[in-house]
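These notes concern the structure reproduced below.
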Amino acid sequence: MRLRSFAEAIREGLEQALADDPRVCVMGPGVPGPTGIFGTTRGLAERFGPERVMDMPSSEQAMTGFALGATLDGYRPVIVHMRVDFAVLAMDQMVNQVAKWHFMYGGRLRAPMVFRLIVGRGWGQGPQHSQSLQAWFAHVPGFKVAMPASPRDAKGMLVAAIRDDSPVVLVEHRWLYGITGDVPEELYETKLGEARVARPGRHATVAATSHMVIEALRAAERLAPLGIEVEVVDMRSLVPLDADTLCASVARTGHLVVADTGTIAFGAGAEIAAVATERAFAHLKKAPVRIGLPHFPSPTTPALADAFYPRAVDIERAVAGLVGLDPARLPVEEPPHGPWRDTPDPSFKGPY
Amino acid sequence: MRLRSFAEAIREGLEQALADDPRVCVMGPGVPGPTGIFGTTRGLAERFGPERVMDMPSSEQAMTGFALGATLDGYRPVIVHMRVDFAVLAMDQMVNQVAKWHFMYGGRLRAPMVFRLIVGRGWGQGPQHSQSLQAWFAHVPGFKVAMPASPRDAKGMLVAAIRDDSPVVLVEHRWLYGITGDVPEELYETKLGEARVARPGRHATVAATSHMVIEALRAAERLAPLGIEVEVVDMRSLVPLDADTLCASVARTGHLVVADTGTIAFGAGAEIAAVATERAFAHLKKAPVRIGLPHFPSPTTPALADAFYPRAVDIERAVAGLVGLDPARLPVEEPPHGPWRDTPDPSFKGPY
Amino acid sequence: MGGPAPLPDLFASMLRIRRIEEAIAKRYPEGEMRCPVHFCIGQEAVPAAICAQLARTDRVFSGHRSHGHYLAKGGDLRAMLAELYGRETGCARGRGGSQHLIDLEAGFVASAPILAGTIPIAVGAALSATWRKSGSVSVVFFGDGATEEGAFHESMNFAAARRLPVLFVCENNAYSVHSAMEGRQPAGRRIADMAKAYAMASAHADGNDAAAVWNAGAIALDHVRKGNGPYLLEFDTYRWLEHCGPNPDDALGYRTPAEIDAWRRRCPIEKLRRDSVPGAAEERALEARIAAEIDAAFAAARAAPFPDPRDLGAFVHPARS
Amino acid sequence: MGGPAPLPDLFASMLRIRRIEEAIAKRYPEGEMRCPVHFCIGQEAVPAAICAQLARTDRVFSGHRSHGHYLAKGGDLRAMLAELYGRETGCARGRGGSQHLIDLEAGFVASAPILAGTIPIAVGAALSATWRKSGSVSVVFFGDGATEEGAFHESMNFAAARRLPVLFVCENNAYSVHSAMEGRQPAGRRIADMAKAYAMASAHADGNDAAAVWNAGAIALDHVRKGNGPYLLEFDTYRWLEHCGPNPDDALGYRTPAEIDAWRRRCPIEKLRRDSVPGAAEERALEARIAAEIDAAFAAARAAPFPDPRDLGAFVHPARS
Ligand SMILES: Cc1ncc(C[n+]2csc(CCOP(=O)(O)OP(=O)(O)O)c2C)c(N)n1
Ligand SMILES: Cc1ncc(C[n+]2csc(CCOP(=O)(O)OP(=O)(O)O)c2C)c(N)n1
Ligand SMILES: [Mg+2]
Ligand SMILES: [Mg+2]
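Protein chains in written order, with our numbering: chain V, 5 to 356; chain S, 5 to 356; chain C, 69 to 389; chain Z, 69 to 389.
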């Protein structure tokens, strides 16, 4: 076991990719700065220089075009947005140009770019700093969309994204950054488009994305003593979507809960549920249940945020409903590690 | 019967709304121009003056903020984008500000705005002029999203949108503009959030949006002689989504085809299918089928565009699959009215 | 408005902002104000000397570093602190936090953290003010970083094209988070010069000299109020604390100790104190008044109720008016 | 490159563009070129006189009105016409149409109709050219309307901040579709002046005078090539036909007959002809050569195969290189 945090895994992946291929470069406001995007780019500018690890003005739209232009000389830029919300300013270049670049010039150009979008959450990130818009990018033809949930996948999928000739949107949830796991030392790829059975089970499938995988695993753990074996499928990638792994699991369990970090309505969970229904209808004993954010903007006050974000208990309740378990038998939720549930772990002490 | 085209209905709705309420104003590049946004704003500047029917620089992002700022003085701006694709440049203001405006200031502000987004199609509109991104807006909490498919609804929903205190995105498909129907003369509202059974039927439900309602009605017409009665539900509005009308229909027919003008993957159809599955699972005899655009950018050449856009035949095939009709028995598709199928009607002669 | 700078009033306003920010910084580590906070300590002269020249009906907009603008414009302190504490009595009912301050009574319309996000909105308010002939002026505060956003350019272009009553105020503290100007913006070019792209009037002044800010503001506001169109003001100033949060960040190394020191010596409040505005006794009384106000506001904020989780869905869609 | 304007060459280039555009306009109503087309008739001097000073390795970008830039940079005529005809032999294999021209061999990288969309991309290409030390210059053409987009500002700011080898070329034809300048941009301000916001060099010249364009371009390119940073050129010119499509639109009334007339008299090709560049015999030979080339290219385009509908999903995701 080589324990590394999710943030360290990203940093290591970036560092090795930069060392491995001189065409790789990383850019964004604050990328070479002293705090290094929550540590994920720390020290890289010192090693690779300010051209390959490049600061940028706050010009999200044009920055995207700058990176796209650099692909003409063979570069493979990684753009970092500290919050998904800032990428919203870059939608024209991302969606109208980058995603269609290869197609609209009949294959004569390519846009081998990576967009690292960080989902903010907690400590009052509020309406403009905590959107989780993966469904948007997945909806746009031309992008691949990856959502690693473990340190190993964070590194492997980042490397795979960098080496992919399609533009890849990598959605990184801020609450995963402190989570640790085994991370191989060498440079490796985790193939994009393959889901992973994170925990096998027989009674219900929970197909989860990003940080909701953590919550799903918690729920599975807590349901196990009740004799309910939940299979957790870490979707890992929205585009390509691994319908085979998803549907094979549903075929085994007959039940599906989809848990996504974004807004439920018109969200990634709708696609996952629709695909499972289309492909495994005969196996479904009940309708799939979706878990995610209600159709409201993110509130800032923890008094509302705690009610806004779904957690393991919500998954437990959904599974109970599907398998016919009396919800009264569900274990009581663990108390928060602080006064509120708006921090990922007890070590977290204030503003990002 | 007072026959008016879809475009005339919009124009009439705008004119009456402007006359009815001095706080209403319309803005966008070309809005007061001689061609008046495909006729939908023609003559309005002459009647109401250049302040209330206002030209704008090509600054989609800031223009949205200008309109939002004007709401502080009680104005109710209607913004017009000649193509959905241009609104992509305004996503920051639309999504980060307008949609959240009421919420993030604790209800102290409102953004009573309308966004008229026109979906381009045909005659080589191509990758950057034919996106149909309603799923994006529907995904963002705070917006209402309406997609009228008939002249009557175009006028009524536009008026309802203008009078609504939420920001409303009105998606207008360019291929509907020439379609005619009965349009009442007076100023009236068509309530947002109510689907409409456009044609009753017993054997399968086709839930369609915007121009796909026309294709669905065509399919229903052509299936009727085979004894297959298709119920066409014109969804009309994505947010609020009328799950009751949708599910009541599915409960009657046991079969659902969802036909949307956008990309299937992570699109509006996924939500409609997911909601129907959640609420009417017991009634569904087979999995819902989704029809829409493949996960590719829009090609320009008609040789590919004709294969890219689904039509009545595709709906017919889907219904046949659900009700167990041998597809060989389906009627042959009518020939196109020109060399290709890339124009809405024979009168159409070249560039928009 | 107009006339020589009312230095004692500006001093009082600046000192009040400083003491409020210090009080927030002191209590922030208690972990009860659970939202990102961007302090304006060291930058108090600009908000004070500009907002003092505004009528209640003039409308102010700001970005992430907005406490000073809110307070100087007359925003309610209790409502602001309650907002930071996430309470239902907060100015945005807890939904927005420090980055979404609002006090419509005071003419402080909105702050929002998306860079340059409120700039076009301020321009729109100026546009409708001309429709209404209300005489109201829009003032929007933003940092040097925000000028890199396209929306700023689009806003200036339109405001100039329509000669709208907007005052653009850039607080140039030379950093965008930890990034110095170099590489972000052209060397040797003042932000005030960006106005030339739109044939717009502009000026640059020392943002830590309240009198200089006042004078530049007076000229600019006179220009704007007379219908001569928008105006861009650039003020040099310096942020003392970390970009976000209550601590100094000298240790991070992106700013040299010499630079930090030099700017601390250019404290805008010290400057007025050195100029004997006001006398020591007056200042003591002022301090006491401010302290009492702050204590009461904190007590009220901390005693106020949190929003009810059952109201999570409130204010998403307004009821029809 | 450099030196006095090679007027006969420019005349030939301009005449060729004009004749090609006329041929497209003539055949357009046949309904076989099924995509929006923005003609540059009347505006040929700028593409011709700028592109003539570029090396093959210099990279050109354009917007919706791009035929002239593509042709002047040496883009393949057959591939362009095949693209308009939606054929597999088109420069973008029919996927893009008139608005997505490309010829990498000729250094014409890309045109795209989203306003200002290719401007940051051109800047990015200049950035990587400096990394590669390739000496390649980026040239991006756009209209007056495109300068209203924020991306243009963000691009100029960055190009100036990093002193990148980019030539920004604005073809100011005074209209954005049917909208005149008034209300869109500040009165009495030249677009060339926008460069002042970034301490960037700029110039303005008559865009219908090929020699003037050449001279302004020579100075600008010299500046850019010497590593002095970006340069903004503004050229006044005029579009003869409707915004999109092959017909005049005089009847729409947004441009006065007097204005249209005056500009038609300022035809850039007529001007060179009046200056006796070239002689009549030479011109007849030139016309014949161009006509033959055009005929052959149309014949080839119309004979070429359409893309196979089974390839609808090609080029969405590239195979790994
Ligand atoms: C669109 C957008 N991009 C990035 C950010 C992250 N961000 C927050 S504050 C800031 C720096 C702003 O610098 P400046 O405008 O100079 O204001 P200052 O913090 O110096 O007062 C950045 C980049 C943001 N809030 N919004
Ligand atoms: C982002 C965006 N907004 C709007 C349009 C619609 N549009 C196409 S061309 C055009 C006018 C452009 O004017 P200008 O840049 O001056 O170029 P010209 O057509 O005069 O050559 C507009 C508004 C667009 N293509 N892209
Ligand atoms: Mg700053
Ligand atoms: Mg123009």
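Here a beta-carbon is modelled for each residue, glycine too, at the ideal position from N, C-alpha and C.
Residue i Cβ short of 6 Å to ligand 3 heavy atom set
i	result
N241(C)	yes
G213(C)	yes
Reduced DSSP category for residue i - H, G, I as helix; E, B as strand; rest coil
i	result
A150(V)	strand
G266(V)	strand
R167(V)	helix
C312(C)	coil
D318(S)	helix
H132(Z)	coil
R112(S)	coil
R307(Z)	coil
L174(S)	strand
L169(C)	coil
A178(C)	strand
R333(Z)	helix
I218(V)	helix
L288(V)	coil
N296(C)	coil
G325(S)	helix
I41(S)	coil
Residue i - partner residues in DSSP beta bridges
i	result
I295(S)	A263(S)
H85(V)	L121(V)
G185(S)	R8(S)
E235(V)	T209(V)
R200(S)	D238(S)
V57(S)	V30(S)
V243(V)	V149(V)
E302(Z)	C238(Z) and H272(Z)
R80(S)	V28(S)
R127(C)	S206(C)
Residue i CB to nearest heavy atom of ligand 1 below 6 Å
i	result
H132(C)	yes
P33(V)	yes
F352(S)	no
R183(C)	Before going on, a small fix: residue 183(C) reads as Leu here, not Arg. Flag set: Cβ of L183(C) near ligand 1.
F383(C)	no
L301(Z)	no
L93(V)	yes
F236(C)	no
F374(C)	no
heavy atom of ligand 4 below 6 Å from residue i C-beta
i	result
S247(Z)	no
S244(Z)	yes
Near ligand 2: residue i beta-carbon under 6 Å from a heavy atom
i	result
S63(V)	no
Inside the region 202–277 of chain C only - beta strand (DSSP E) runs reaching at least 3 residues: Qualifying beta strand (DSSP E) stretches, in chain order: 206–211, 234–240 and 269–274.
Every unbroken alpha helix (DSSP H) inside the region 72–119 of chain Z [4 residues or more]: 75–95 and 113–119
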